[in-house]
Amino acid sequence: MSALLASDADDRPLVGPVTVNGREIPQTQIYAEMQYHPADTSREAIYAAARALVLAHLLRERAFECGLCEKDIDIHSEVFDAAVERLLEREVPQVDPTQAQRYDYYTEHRQRFTSKPLAEVRHILLLVKPGEKVAQERQWKFAESLLEDIRKAPDPLLRFAELAHRHSDCSSRDAGGSLGQVGPGDTVAPFEEAVFAGEIGLMQSPVRTKYGWHLIYVEQLEQGRPLDFSYVEKNIDRYLREKLRRQMIANYLNDLVRSADIGGIRLLN
Numbered sequence: 001m002s003a004l005l006a007s008d009a010d011d012r013p014l015v016g017p018v019t020v021n022g023r024e025i026p027q028t029q030i031y032a033e034m035q036y037h038p039a040d041t042s043r044e045a046i047y048a049a050a051r052a053l054v055l056a057h058l059l060r061e062r063a064f065e066c067g068l069c070e071k072d073i074d075i076h077s078e079v080f081d082a083a084v085e086r087l088l089e090r091e092v093p094q095v096d097p098t099q100a101q102r103y104d105y106y107t108e109h110r111q112r113f114t115s116k117p118l119a120e121v122r123h124i125l126l127l128v129k130p131g132e133k134v135a136q137e138r139q140w141k142f143a144e145s146l147l148e149d150i151r152k153a154p155d156p157l158l159r160f161a162e163l164a165h166r167h168s169d170c171s172s173r174d175a176g177g178s179l180g181q182v183g184p185g186d187t188v189a190p191f192e193e194a195v196f197a198g199e200i201g202l203m204q205s206p207v208r209t210k211y212g213w214h215l216i217y218v219e220q221l222e223q224g225r226p227l228d229f230s231y232v233e234k235n236i237d238r239y240l241r242e243k244l245r246r247q248m249i250a251n252y253l254n255d256l257v258r259s260a261d262i263g264g265i266r267l268l269n
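Going by full-length UniProt numbering, the first residue of the sequence shown is number 1, and it counts up by one from there.
Set out below in structure tokens:
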């Protein structure tokens, strides 16, 4: 069935036989339709299935009236889906967002329109397997000794790279511990939080993750910056266009429901 017919169910129960303009939808069809509408409870699934079938019958009736399909076409067929698409193209006007609407959305959701923060990072991983408490303590002490070594070095970054090549349990050791540029989601959460906390250079304490202890050296850090409206306007336009389209389709379906004789289920508040 067309994705246009999908709907969130509410908690209203199905009452009695469901009819559309005097034509009953068999309970067996409703139960079969439930597989397409997973829900937390069977009541919600039954309601969603019945609602989808009612809307499908209404769309089929209207498409038939417009000469777009046969009267009893299978509502689960691709031919029906195509007929519904043509019907909506014909009867639901396309509403284009104005520049004022696009800019209002931009100003109201500025936090969404920032560049991704990036960091140039090196690390030394001292592996600790889960549950190895003795090894964890031993590796932490070793991590502290490496930090002290790096702090005392004339060139801490060079010394960090040397020690990474010698001691790191990560394949990045071959590049002196360099991970290149990393952004949000590229590393595990504790590592990411430490990297983007704002500190440049050698982090003064080891960072614990599920892999073990990490020594971290942030070479460069660029926090996310606001993006200009002109840069994101096309994406905003696409989003608002789709949102307005969904609203117009919902209004159209509600109009079909209002003009129909529907029994056994309440679709309008």
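Every residue gets a Cβ at the ideal spot worked out from N, C-alpha and C, and that includes glycine.
Check your understanding: Which stretch, first to last residue, makes up the alpha helix (DSSP H) that contains residue 260?
Key -> Locating residue 260 in the sequence shown gives position 260, where the first residue counts as 1. According to the DSSP assignment, residue 260 belongs to no alpha helix (DSSP H), since it is labelled neither H nor E.
**Study point:** Chain-order list of residues whose beta-carbon lies under 7 Å from that of residue 244 (same chain, five-residue window excluded)
**Key:** Your numbering for residue 244 matches position 244 in the sequence shown. For residue 244, where only same-chain residues beyond five positions count, the Cβ hits under 7 Å are 95 and 97.
Practice item. Taking all protein chains shown into account, decide if residue 212 is buried (16 or more other Cβ within 10 angstroms of its Cβ) or exposed. Key: Start at 1 with the first residue of the sequence shown, and residue 212 comes out as number 212. The residue in question, residue 212, is buried, as its Cβ has 16 or more Cβ neighbours within 10 Å.
Check your understanding: Where residue 112 and residue 123 are concerned, what is the direct C-alpha to C-alpha distance, given to the nearest angstrom?
Key -> Residue mapping note: residue 112 aligns to position 112 of the sequence shown, counting from 1. Residue mapping note: residue 123 aligns to position 123 of the sequence shown, counting from 1. Near 30 Å, if we compare the C-alpha coordinates of residue 123 and residue 112.
Review point. In whole angstroms, what is the alpha-carbon distance linking residue 43 and residue 53?
Key: On the sequence shown, position 43 is the one that residue 43 refers to. On the sequence shown, position 53 is the one that residue 53 refers to. Roughly 15 Å separates the two Cα atoms.
Check your understanding: Pairing CB atoms from the region 238-254 with CB atoms from the region 123-134, are three or more of them under 8 Å?
Key -> no
Review point. Under the three-state reduction of DSSP, which class applies to residue 144: helix, strand or coil?
Key: Mapped onto the sequence shown, residue 144 falls at position 144. The answer is helix: DSSP assigns residue 144 an H, G or I state.
**Study point:** For residue 50 and residue 265, believed in contact at Cβ under 8 Å, the rounded distance
**Key:** Locating residue 265 in the sequence shown gives position 265, counting from the first residue. Locating residue 50 in the sequence shown gives position 50, counting from the first residue. That belief holds up - the Cβ atoms of residue 265 and residue 50 are roughly 5 Å apart, short of 8 Å.
**Study point:** Residues near residue 17 in its chain [Cβ-Cβ closer than 6 Å; skip 5 each side]
**Key:** Numbered from its first residue, the sequence shown carries residue 17 at position 17. Closer than 6 Å at Cβ, skipping near neighbours: 24 and 264.
Review point. Counting only beta-carbon atoms, is residue 251 nearer than 8 Å to chain B?
Key: Structure shown: chain B not included; a single protein chain is present.
Practice item. Determine the direct distance from the alpha carbon of residue 254 to that of residue 184, and round the result to whole angstroms. Key: Against the sequence shown, residue 184 aligns to sequence position 184. Against the sequence shown, residue 254 aligns to sequence position 254. Spanning the two alpha carbons is a distance of roughly 42 Å.
Point to revise | Endpoints, alpha helix (DSSP H) assigned at residue 200 | key: Here residue 200 refers to the residue found at position 200 when the sequence shown is read from its first residue. Residue 200 -> no alpha helix (DSSP H), and no H or E assigned at all.
Check your understanding: Per DSSP, what kind of secondary structure is residue 216 in: helix, strand or coil?
Key -> Position 216 of the sequence shown, counted from the start, is the residue given in the question as residue 216. Looking at residue 216 - three-state DSSP - the assignment turns out to be strand.
Check your understanding: So which of 151, 150, 128 and 149 has the shortest CA-CA distance to residue 140?
Key -> Position 140 of the sequence shown holds residue 140. Residue 140 has its Cα closest to that of 128, out of 151, 150, 128 and 149.
Exercise for review: May I ask you to report which of helix, strand or coil DSSP gives residue 120?
Suggested key: Indexing the sequence shown from 1 puts residue 120 at position 120. Three-state result, residue 120: strand.
Exercise for review: Could you tell me the boundaries of the alpha helix (DSSP H) in which residue 102 lies?
Suggested key: The sequence position of residue 102 within the sequence shown is 102, counting from 1. Per DSSP, residue 102 belongs to the alpha helix (DSSP H) from 99-108.
Point to revise | Neighbourhood of residue 233 by C-beta distance below 7 Å, restricted to the same chain and skipping five residues each side | key: Taking the first residue of the sequence shown as 1, we reach residue 233 at position 233. Once the five neighbours on either side are set aside, the close Cβ partners of residue 233 are 102.
Check your understanding: Quick one: Cα of residue 181 to Cα of residue 162, how far?
Key -> Looking up residue 181 in the sequence shown gives position 181. Looking up residue 162 in the sequence shown gives position 162. The alpha-carbon atoms of residue 181 and residue 162 are separated by roughly 20 Å.
Check your understanding: Would DSSP call residue 15 helix, strand or coil?
Key -> The residue labelled residue 15 in the question sits at position 15 within the sequence shown. Since pLDDT at residue 15 reaches only 46, below the 50 mark, its modelled position is unreliable, and the value read off the structure follows with that caveat. Coil, per DSSP.
**Study point:** the region 78-87 / the region 219-238 touching (three or more Cβ pairs under 8 Å)
**Key:** No contact exists between the region 78-87 and the region 219-238.
**Study point:** Cβ separation of residue 188 and residue 210, assumed to be a contact under 8 Å, to the nearest whole Å
**Key:** If you number the sequence shown from 1, residue 188 lands on position 188. If you number the sequence shown from 1, residue 210 lands on position 210. The Cβ separation is near 7 Å, so the contact holds.
Review point. Whose C-beta lies closer than 6 Å to the C-beta of residue 221 among residues of the same chain, with five residues either side of it excluded?
Key: Mapped onto the sequence shown, residue 221 falls at position 221. So the qualifying residues of the chain are 119 and 200.
**Study point:** Straight-line Cα distance separating residue 89 from residue 55
**Key:** Taking the sequence shown and counting its residues from 1, one reaches residue 55 at position 55. Taking the sequence shown and counting its residues from 1, one reaches residue 89 at position 89. Those two C-alpha atoms are separated by around 17 Å.
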